[in-house]
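Working notes, structure below.
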């Protein structure tokens, strides 16, 4: 059974180099280049990964390669910072959940011990002052 459908387009090395040079030297975004040339953002990202990992089949000028590596390094640093921030926020959320549970428990104990209603009933009207 043969698979019918579209075949993946093959891009020349010079085309890949053009896209990456525009990304680096002219400060275009990946999304802008994707729209302009009709290449998916994932494809462009793969090309960047290939160049920064040293397995590139296209030779870039050393300055372009350095800029590309610097940009990739900055993205990695940003990713690490975001992951660290997520960990901190998750820890903070867990702490606040425990704090909330402690307050609920204190209210329940006070209601039982002093036989008074502390929690506001839903739908009750606020007093006018």
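In my numbering, the protein residues as written are 112 to 240. Quick reminder that beta carbons are idealized off the backbone N, C-alpha and C, glycines included.
Less than 9 Å divides the Cβ of residue 122 from the Cβ of residue 150. DSSP places residue 119 outside both helix and strand once states are collapsed to three, so it counts as coil.
Counting along the chain, no alpha helix (DSSP H) covers residue 230, and no H or E run does either. Rounded to the nearest angstrom, the gap between the Cα atoms of residue 144 and residue 184 is 21 Å. Per the coordinates, the alpha-carbon of residue 135 lies some 39 Å from the alpha-carbon of residue 204.
Counting the other CB atoms within 10 Å of its CB gives residue 159 a total of 16 or more, which places it among the buried residues. Using a 10 angstroms sphere on the CB of residue 127, the tally of other CB atoms reaches 16 or more, which defines it as buried. Rounded to the nearest angstrom, the Cβ distance from residue 227 to residue 218 is 10 Å, too far for a contact under 8 Å.
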